Amino acid sequence: MITNNITNAQLSGIERNAPQLGPQNVETYLATIEKAQKDLEKIDPSIASVDEQSADSEVLAMVAAHQKQVVQSMVGSNPEDTIALKLASGIEACSARLEAIQQQAMGLGVFVDSMEAMWEDISKTSPLTGYALEDAFQLVLMDVLIHIDDYNLTADEKDALQRFMECGGSGMHGSHENYDQNEFVADLPGLFNKIHDHAPKDSFAYTITDSMKNNSGCPGALVTQFQDNWGTASEWYSNWTNGIGDVSPIMRMALLSSVLTDSSVEISSDEYNMFLTGSLSDIDTFMNEKYGKNTIEYINEDLAMWNYYFDPSENPVTGFGMNFHSSSGMQVDYFTALSENLPSRPLTDEELKEVNRIGDQVRMLQETLKYWLQICRDELVAIARNI
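Under the working numbering, the first residue of the sequence shown carries the number 4, and numbering increases by one thereafter.
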């Protein structure tokens with residue numbers, strides 16, 4: 004009775020003309036209605052699953068798409084019936100909002116949001132010191148890669164950028180193809196100043212480089228960090244295996260993307276945020292719980308395009324430390340694919356509330372569609388009897 008009251012209220016304001024149909028048209032239209040009713044019943048299990056748990060945006064989007072197909076089939080059969088168009092409008096609004104929520108929870112937009120969250124966490128301390136300097140600059144380079152056409156980098160500058168993405172930042176130090184701390188020391192001042200001077204004033208890269216320059220004495224402080232705190236391969240390996248220190252921004256995003264892609268693992272909103280700002284020890288705890296291995300083992304065995312070399316002799320020819328599967332640093336194409344194809348993150352509390360509200364609307368539309376189709380069928384049966 005409650006459902007009928009709701010659907011009556013929804014349908015009562017719509018002017019509707021009884022269909023003027025001949026015998027053959029009645030039979031055809033009746034068959035269309037019966038098919039639409041069966042099609043609608045097919046999504047009842049999905050509606051029921053939404054009733055039993057918090058609404059799922061993907062399930063709701065599927066349901067709305069199915070509802071839309073049902074309504075479109077009716078519009079094609081009875082162009083005079085404006086109710087179909089009204090219902091289609093309601094379904095379209097639900098579909099559009101669900102699509103917007105899904106889009107804002109994945110891809111480049113979320114990747115950029117994650118970068119901003121990492122910078123917000125890093126910049127809580129001022130001036131920046133130690134590995135925080137490297138992590139901040141890596142965020143700068145990530146923004147440069149997203150807007151690479153703004154900077155007109157030379158081939159040497161691109162090479163230095165790719166090398167830093169591979170072996171700069173927390174936990175990333177290493178040497179490959181004879182490129183090590185000495186090359187970083189030589190290349191960083193010019194690269195830093197080039198980016199600061201060419202970055203659009205409203206860009207993420209400019210915000211960070213300007214802060215690093217004015218508050219932390221960069222690029223000089225960044226150069227000193229590489230000169231004095233490069234560490235040894237043995238120290239690097241010990242830190243990773245014992246969960247000491249932090250994780251660089253690019254590695255956080257690579258790990259996060261890999262975990263989000265794994266359909267066997269569920270990740271909460273808190274765990275998602277932990278990947279962005281938590282310590283290596285925090286990420287180790289997650290990895291051990293989900294995969295039975297620590298983070299460096301996961302990187303070496305499961306993370307696409309990454310592994311590590313441990314060479315206590317620090318042979319610069321064979322290489323040591325974190326390693327990207329390329330002879331010239333972390334490739335731009337890899338970063339582009341990583342940033343633009345980031346899988347969906349967990350929805351925020353506000354997004355979940357909105358999805359649940361849309362879920363209520365979708366359920367109401369389902370009942371309205373059923374009620375409307377039954378009215379249409381009853382009318383046609385009555386017409387058929389009088390022909």
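The beta carbon of each residue, even a glycine, is placed where N, CA and C say it ideally should be. Note that this is a predicted model, so its numbers are computed, not measured.
Could you tell me the distance, in whole angstroms, from the CA atom of residue i to the CA atom of residue j?
| i | j | result |
| --- | --- | --- |
| VAL115 | ASP47 | 38 angstroms |
| MET65 | PHE278 | 30 angstroms |
| GLN228 | GLU186 | 13 angstroms |
| SER98 | ALA67 | 6 angstroms |
| LEU43 | GLN105 | 24 angstroms |
| GLU123 | HIS328 | 30 angstroms |
| ALA39 | ARG348 | 35 angstroms |
| ASP249 | LEU148 | 23 angstroms |
| GLN165 | GLN230 | 19 angstroms |
| ASN318 | SER251 | 23 angstroms |
| ALA51 | ILE94 | 18 angstroms |
| GLY246 | GLU304 | 17 angstroms |
| GLU363 | SER272 | Correcting the residue identity first, residue 363 is Asp in this sequence and not Glu. Whole-angstrom Cα-Cα distance: 23 angstroms. |
| ASP152 | ASP146 | 11 angstroms |
| ALA103 | SER316 | 53 angstroms |
| ASP159 | ARG100 | 45 angstroms |
| GLN184 | GLY171 | 9 angstroms |
| LEU355 | LYS127 | 29 angstroms |
| GLY133 | TYR337 | 27 angstroms |
Could you have a look at residue i and say whether DSSP puts it in helix, strand or coil?
| i | result |
| --- | --- |
| GLY324 | strand |
| SER316 | coil |
| TRP122 | helix |
| SER271 | coil |
| GLY172 | coil |
| PHE207 | helix |
| TYR337 | helix |
| SER330 | strand |
| GLY25 | Since pLDDT at GLY25 reaches only 48, below the 50 mark, its modelled position is unreliable, and the value read off the structure follows with that caveat. Correct three-state label for GLY25: coil. |
| SER178 | strand |
| LEU191 | helix |
Just to confirm my understanding: we take residue i, look at its own chain, exclude 5 residues before and 5 after, and list those with CB closer than 6 angstroms. What are they?
| i | result |
| --- | --- |
| ASP190 | ALA163 |
| THR264 | PRO346 |
| GLU353 | none |
| VAL113 | LEU345, ARG348 |
| LEU376 | ILE36, ALA39, GLN40 |
| LEU111 | SER342, GLU343 |
Just to confirm my understanding: we take residue i, look at its own chain, exclude 5 residues before and 5 after, and list those with CB closer than 8 angstroms. What are they?
| i | result |
| --- | --- |
| ASN326 | GLU169, GLY177, HIS179, TRP309, ASN310, TYR311, TYR312 |
| GLY322 | GLY177, SER178, HIS179, GLU180, TYR312, ASP314 |
| LEU136 | MET215, SER219, CYS221, ALA224, LEU225, GLN228 |
| THR244 | ASN297, ILE299 |
| ARG380 | LEU33, ILE36, GLU37, GLN40 |
Take residue i and list the residues in its own chain whose beta-carbon comes closer than 7 angstroms to its own, dropping the five residues that flank it on each side.
| i | result |
| --- | --- |
| ASP213 | HIS199 |
| ALA257 | LEU306, TRP309, LEU341 |
| PRO203 | ASP153, TYR209 |
| TRP233 | HIS176, GLN184 |
Looking at C-alpha atoms only, which residue of the options is the closest neighbour of residue i?
| i | options | result |
| --- | --- | --- |
| LYS89 | THR371, GLN377, GLU382 | THR371 |
| MET118 | PHE140, GLN334, LEU101, PRO130 | PHE140 |
| TYR154 | ASP231, THR128, TYR134, ASN196 | ASN196 |
| LEU194 | GLU300, LEU144, MET254, GLY246 | LEU144 |
| GLY324 | ALA236, ALA158, THR157 | ALA236 |
| LYS293 | THR280, ASP273, ASN276, GLU269 | GLU269 |
| ALA150 | LYS127, SER261, SER206 | Contrary to the premise, residue 150 reads as His rather than Ala in this sequence. Checking every option, the nearest Cα to that of HIS150 belongs to SER206. |
| TRP239 | GLY174, ILE286, GLY112 | GLY174 |
| SER129 | TYR301, GLU37, ILE211 | ILE211 |
| SER282 | MET121, ALA96, LYS45 | MET121 |
| MET254 | SER266, ASN232, LYS161, ILE286 | ILE286 |
| SER92 | ARG388, LEU368, PRO192 | LEU368 |
- Item | Runs of beta strand (DSSP E) lying entirely within the stretch 292-316, each at least 3 residues, in chain order | Within the stretch 292-316, complete beta strand (DSSP E) segments of at least 3 residues are found at 309-312, given in chain order.
- Every unbroken beta strand (DSSP E) within the stretch 94-166, with a cutoff of 3 residues, ordered by chain: Qualifying beta strand (DSSP E) stretches: none in this window.
- Mind pulling the alpha helix (DSSP H) runs of 4 or more residues that sit fully within the stretch 225-267? Runs of the alpha helix (DSSP H) inside the stretch 225-267: 236-244, 252-264.
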